[in-house]
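Terminal number for the sequence shown in this note's numbering: 1797, no gaps in between.
Glycine included, C-beta positions come from ideal geometry on N, C-alpha and C.
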Amino acid sequence: LGKVKGQFGENLAAAKATSLAFHYFEKTIELLEQRIETFMASGEAMLKSNHSSSPHIERELHSLRSRWQLFHQQVLDTRQLIDLSLQYFALVEEAEDWFREGSRLLMTIAKRSSSIRTPQEANDLLQEIELFLKPGESKQDERIQKISELAVQLYGSGQPEQLHRVKTESREVIDSFSQVSSELQQIINFLNKPPEEQRMEIVGLQEALPIDEKPARKSPSPPPKKAKVEPETQPPNFSLPLHDATIDEGSRFTFECRVTGIPMPEICWLKDSLSIGSNLDYHTKVEDGLCSLTIEETFTEDSACFTCRATNLLGYAETTALLTVRENEREAPPRFSQLLAPVSAAEGTLCRLECKVGGTPLPTVQWYRDGECVDSAPGYTTTYNNGVAVLSVERLGTQDQGLYSCRATNRLGTETTSASLTVQRLVSEQAPEFVVPLSNVMARAGQKIRLECELRGVPEPQLEWAHNGKSFTDSRDIKVQQEGGKVVLTVAEAFPKDAGTYSLTATNAAGSTTSSCTVAVKGRLPTETSDSELASDLEPSKPSIPTALKDSIVSEGGKARLDCIIVGQPEPEVIWYHEEVPIKESKEVQLLFQGDRCSLIIAETLAEDAGQYKVVAINSAGEASSSCHLTVQRSEPQPEQTLEMSGSKPLFISLLTDALATEGDTISLECAVRGDPTPGVSWFLNNNPVLPSDRVKMEQEAGGLCTLIISPVVADDKGVYTARAANVLGEAKCFAHLIVRSAANLATAPSGPDVRLEERATVPAFTELFADRSVVDGGSTKFECIVTGKPTPKVRWLYNGEPVSGKDFLVSVSGSRQVLSLPLVSKALAGGQITCVAENDAGKASCNATLTVSDAPPVDDLMSSIDQLNLSETSVFELKREVFMQSSSHTQFGAGDPVVQVHGMASKTEQTSQKIGDKPAVQVELHKTSEYHNVGGVEQKFDSQSQSTSLVEPGALVPARVVPQRKQLPPRFVSPLMGKIVDQGRDVMLECILEGFPSPSISWKKNGKELLEGDKVCTNWALNKAQCQLLAVTVEDAGKYSCTAVNPVGTATCTADLVVKKTVFPPVFGRRLQADTVAAGKRVVLEVEVTGTPEPQITWYKDGHQIASSSSMFRVLAQGNSHRLIIEHAGLSHSGRYEVRAVNDGGEARSTADLLILEPSEPTYIQPTESTKTEVHSSTQKPVEPPLEPFPFKPDAPRPVKRPMGPPPPSPSKFVKGEFRESDYESEY
C-alpha cells in the first residue's frame, strides 16, 4: 500500500493501469478480510467458552480489530485518490484535445488564407476563429481551474508538470489566434482600398527595389551616355546544405548551412513547409552566410522536415533535412480512454462510431463488423488522428446493422471495444427470429427423424435448409412442412449418411438468421430386430421432463439421489453431466432407469461431488434437459456434544423377509427395531414413500414390532420395500422384496395365437453355498449364499424346520446375496439345522448346514506332549491348534426328479513351537485336508497331508496369535489433479493425494500415451502423494495428463488439462507496401507497419538483392511498428521491385510492390498562380506587371514555374509546434 500511494502515473492510460492493479489488490484485501473475520469469530467463540487464555485472546482481538480498521481506511483513502487521478488525467487529455483542435483550425486557416480574393472571404475566416474561441476559451478556463484543484488534492502545493504544460499551451494557442486575427484584419483593410491605392502600394514596393524594372526605350537620337557599371549579381546557392539528424528528447540541437548570393539573400526557415515565424522555441541566426536554427530543448513534436530558404532578386534556393526526436517515455499497451457507445440511426443517414485510444508505440487500429474487417469495405471510411479513431458509414442500410468492434494493437498487446449499431427501418419490417430454435436429436438406424422450430418475421421469410453446409430441398426421403410459423423437417428412415449438422436460414428484406442442430444416427442394437423396432409410420415425440430435477442438500459421506421422469418416443437416450462433464457409471456412482424414472445415486458423497448436475434426454425428435444443484455439507466433529448425548442408534433385531403373494391376497411385512430414544419407522417402495390408505396400513408397537399390512395386493405393489428407522443418534434400514403373481395366470393357462411370450422362468439355484459351522460357545458366525432364478425367488430361513425369529437371528439381503447372522451363539443352538429355502413360480431349491457349538478345548489336551519334554533347562513352549471343518448339502427340485448334491470338506492345522534355553526354537506345522463329494449317488473322497519344520533364530518372536490383517482398499483420489494454465518457460507441478492398500503403483500418461521420465519430466510417489514435475514447458507440453493408481483390489484414474499460453506470434503486416510512380528527383518513402512477438527482424530487398543499411542510395528508418525505406532524390536506377521481409521465431511475412521512376518533362513556364513555386529560379528579365503575392503561405506542391519578384510575405501567424500533422500514421514520428 505504501508503494502505491502517490504513484498515479504520467497520463490517463497509466492511471487506468494503476487503478486496475489496485482493483486486484482490493480483491486480495477482501479475501484477507474474510480470513480475519473467520479468525476473529473463532476467537470470540473461545471467549464465550471461557477459555483459560481469555484475557490474552481478548487483548489480541482488540489490537487486530483496531489495526485492521486503520488499514482498511487507508485502502479507502488510496482508492479515492486514484479515482481523483483518473478525473485529473481525463481533464488533461480534454485540454490537450482542445489544443489539437485549435492547431488543426490554425492549419486550415493558413491554407485557405492563400486563396483570399475578397474581404468577405477573410471575414469568414475571422468568424470561424470567433466560433471556436467564444465557447472553447471559457470551457478551457474552467477545465484548467478544475485541474488545478485536483492537482492540489493529489500532489499538494507543488505544481505538477501536466498543469504547467496545459497552462502554457493554452496561452500559446490563444496568442496564436490573436495574431492570426490581426493579420487577417490587415488583409481586409488592404482589400477594402480602391484598386488605384492598391496599385500605388504595389508600385511603391517595386520602386523600392534596387534594380530599375522599367525597360529602356529605343531612340534614333545619338547613343546615350555610358551607363553606370552595375556590380556582379549571383542567385542564391547553398555551399553547405542541411543534414538529417536523430537526437534524444530533451537535448539541444542546431541546424547549420552556408549560403552564397549577390545581393546577400534573405533567409526564411520552414517546418513541414510552414514558416516558423516568430516562434520563441526556435532561434535563428545569419552571420557571414552561415545560417543556423537552434532548439534549446527538443520534444517529440519537433520531429519534422526543416527547410532553409534563401531568396534574392535573382531567385531562391532551398535545403531540407529531417529531424527525428526519439521519445523517452515508457512503452504502454493500447488503452481506450473513450469506449464505443451503442448507436441507433435511421436508414439512409450518415453514421459515425468514435472512440479514443492511446498507447506507445502508436497502436494500429482496425474496425470489425460481426467479426469481419471493414477497413477496406465499400461505403466505410476510417480515420485515426491524435488518438481518435472514427468509423463513418456514408449511407446506412439494413445490412450495416450489427456489432462493431475497434481493435487497437501494438507490440505490447491488443485492446478491443465493441458497441452495437441499430438501423431504424423506414418501413414496418421485422427481421426473422427463431421463437423456438432447432434442437439436437439422436436416432438409431431405421428410425424416423423429426426436426421442429418456430419463427416469425415480416415479410414472411424465405427458408433454406442445409446439411453439413450444403443446401438441399424436398425429396422422397426428406419432407419439409410449414404451417404458419412452425417448420417441420422429417426424415422417413434414418441412415448413417443422414447424421451431421442441419441448419435452417430464414431471410427477408429486414435481415437473416440461422438456427442449427446436430443429428446423430447410431447403429442398431445387437438385441434389436426389424420386428422389435419402432414402426416407421409412428410419429416420434420430442423428449419432455414432467418431473424435473430438484436441488438437494446432503451431508458429506451420506447418500445422494437425484430423480426425474423422462418421457418421449422413441425412448430417449439419457446423459448425465456434472459441471458440464459427462458422468460415467462406477462403483461410487450408479445410474438407474426404472420405467420413465431416471435416477443418479452417489453411494458416498464427497466435497468434490457438489455442484451443478444436468440430465439431457435426446431422441430422433429432439432433446430436453433439466438441471439442479447438489450441496454437500461438511460434517464438523462435535466431541463435547457426543460425550453428553446418551442412548443408542436404531438397530433392527428382526429383519424383513421377502414375500410372494397373489393378487387379491393380504400380505404382512414385519420387522423389529430397538433404540434410545425410540426410533420412528417410515416405509418406502422402490425408494418412494409409502402413504397410508384404505389398502395400506402401518403399525408400530411399543416393543419395537413394526408391521406393514397390504390388503388386497395389486400388481403395482411389487418391488423392494424399505423400513427406515431413525432417531437423533442415527438411522438404520432393512429391505425385503415382494413378488406379486397374477391371478389370471393361475386361473387359466394361456393358449391360442394371441399369447405373448413372457421372459422364460428358471428354477431357483444356489450359485454360492454355505457350509457346516463349528463355533465356540459365546462366539458369532454367518451363513451366506447367493440365489438366482426368474422371477426373483422368495427366500426363507429355517432353524430345525421352523422360520427363524428373535434377536438370535438377523436376516439381511444385498442384491442376490442372502445372509443369516448369529451375533451370539449359545449351547442351546448346538446341533441345529440351518436351512435356506428359495422358491418362485418355476420351482424350489434349498441349502442345508449343521451348526455345532463346542466348549474351548481343555488345556490338558493341548499340552499332552509336555511330559515328554526335557525341562532341565529353562524353556518356552507354545502350541497352536486350529481345526476347520466344512460340509454342505444341496437339494434342487424341478420339473423332473429331485437332484441331491452333498459336498463336504474337513481340514486340520496344528502348529507347535519349542524353545529350550538359548537354543534356536523348533517350529513344526502339520496340515491335513479331507474332501467328500456325492453327486447323484456317485461318491468321491480326497485326503492330503503336509508337514514343515523350521528353526527360529534366537531373538525372533514366536507368534502367539494370528495378527489380523489390514483391510484391503482400492485406490481412491482424496485430492484430485488440478488443471493449470501457464506461460511458456515456466515449471509446472502436477500433484494429487490418494489412498489405498496395498500401496498402489503409480503411472502417468499424456494424451493417453505413457509419460516417460527425462530431462524435463520428473515423477515422484511418496507419503500418499503423487507428483509430476514438468520443467520449462513449451506449447508441445500442453495436453491431457492422467495419473493411474493400481493395486490388487482395483484401479483409479484422475485426469487434468495443462494449457500452455502461446507467447510467440508470427509477423503480421498492418500496412503493406504500395506500388507508386514518382518523377525523378522527388523524395520517396516506402513504409510498412508490422507486428509480432518477439519483435520481427526487418530486411529490405530491391529486385531480389538485399539493401544494406549503410547504402548511400537508401536510408532505412525504424520507429516502433513503422519501418521505412527513404530515397531522398529518386533516380531512374531506383526503379524496380521492392520487398520487405519480417522474420521472428513464429514465422515470416513478406510484402512486395513496384516503384517506377519517370524522367520529368521539360518545364513549361506559365502565368504564376497561387499553387506554383520553384526550387531554384534565376531571371534577369523584368515582368511587366507582377501579381500580388498570395497571403500568407506558399503552395503545397512545388512545380518548376516562374515566380513573381517581390519581397517575401510576412508570416501571418504563430503556430503551436508539433500539432500540424495530418495523421498519426502519416507523420514522420
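Determine the contact status of residue i and residue j, defining contact as a CB-CB distance below 9 Å.
i	j	result
THR868	LEU1685	no
VAL663	VAL734	Per the sequence presented here, residue 663 reads as Ala, with Val not at that position. A contact, by the Cβ cut-off of 9 Å.
THR1073	CYS1085	no
ASP1605	VAL1556	yes
GLU1798	VAL1264	No statement about residue 1798 is possible, as the shown extent of the chain runs from 569 to 1797 and does not include it.
VAL741	PHE821	no
PRO763	ALA878	no
PHE1220	CYS1302	yes
PHE607	GLY670	no
ALA1721	ALA1643	yes
ALA1067	VAL1089	yes
LEU1223	ALA1304	yes
PHE823	ALA889	yes
THR977	GLY1638	yes
ASN1408	ALA1283	no
GLU1499	GLN1513	no
HIS640	GLU601	yes
Could you check which residue in the options has the C-alpha nearest to that of residue i?
i	options	result
GLY916	GLU1657, PRO833, THR966	THR966
CYS1021	VAL1048, LEU1174, GLY1357, ARG1012	VAL1048
VAL1009	THR1349, THR1058, LEU1297	THR1058
THR1360	GLU1696, VAL1381, MET1546, GLN1515	VAL1381
VAL1542	LYS573, LEU1591, LYS1574	LEU1591
LEU539	VAL1658, SER1678, SER1701, ALA1698	As displayed, the chain neither begins before 569 nor continues past 1797, which places residue 539 out of reach and without an answer.
PRO1000	LEU1006, LEU1023, ALA987	LEU1023
GLU1028	VAL1056, ASP1045, SER1080	SER1080
ALA813	GLU765, ILE835, ASN1689, THR866	THR866
SER1422	GLU1370, VAL1656, GLY1347, LEU652	GLY1347
SER1420	THR1403, GLY926, VAL1344, VAL1089	In the sequence as presented, Ser is not what sits at residue 1420; that position holds Thr. Comparing Cα-Cα distances from THR1420 to each of THR1403, GLY926, VAL1344, VAL1089, the minimum goes to VAL1344.
GLU899	ALA1300, GLU1176, ALA582	ALA582
ALA1128	GLY1618, ALA976, GLN1158, SER587	GLN1158
GLU833	VAL854, GLY818, ILE844	The question names Glu, but residue 833 is Pro in the sequence shown. The option with the nearest alpha carbon to PRO833 is VAL854.
VAL1387	SER1690, TYR948, VAL1405	VAL1405
PHE1565	HIS1697, PRO1662, GLN1536	GLN1536
LEU1726	GLN1665, TRP1668, VAL1652, GLY1715	VAL1652
THR1199	HIS1146, SER1188, ALA1192	HIS1146
VAL748	TYR723, GLY1163, ARG680	ARG680
Excluding the 5 residues flanking residue i on each side, which residues of the same chain have their C-beta closer than 7 Å to its C-beta?
i	result
ILE756	PRO687, ALA690, ASN691
THR1335	ILE1354, THR1356
GLY1672	none
LYS1395	ASP1345, VAL1421
Return the Cβ separation of residue i and residue j in integer angstroms, given the expectation that the two are a contact with Cβ distance under 8 Å.
i	j	result
ARG1705	LEU1654	Contact flag wrong, Cβ pair sits at about 11 Å.
ILE1151	VAL1184	Going by Cβ atoms, the distance from ILE1151 to VAL1184 rounds to 11 Å, so no, they are not a contact pair.
ASN760	ASP816	Incorrect: roughly 51 Å between the Cβ atoms, too far for contact.
VAL1711	PRO1662	Not confirmed; about 10 Å, so no contact.
ARG903	GLU983	6 Å
In its own chain, which residues sit with a C-beta less than 6 Å from the C-beta of residue i, not counting the 5 before and 5 after it?
i	result
GLN1595	GLU1559, ASN1588
THR1621	SER1610, THR1612
SER1389	LYS1350, LEU1378
GLY1271	none
GLN1749	Residue placement at GLN1749 cannot be trusted, given a pLDDT of 38 that sits under 50; what the coordinates show is reported in the next sentence. Excluding residues within five positions, none has a Cβ falling inside 6 Å.
ILE1235	ALA1227, ALA1229, ILE1278, VAL1281
GLU578	none
Spatial neighbours of residue i within its chain, please: C-beta separation below 8 Å, excluding the five flanking residues on both sides.
i	result
GLY1091	ARG1012, ALA1013, PRO1064
GLU1139	ASN1187
Exercise for the section: Enumerate, from N- to C-terminal direction, the unbroken alpha helix (DSSP H) stretches of 4 or more residues contained entirely within the region 1353 to 1405. Expected result: none
Handout entry: Runs of beta strand (DSSP E) wholly within the region 900 to 986 (minimum 3 residues, chain order)
Key = 900 to 906, 911 to 914, 919 to 928, 932 to 937, 948 to 953, 956 to 961, 970 to 978
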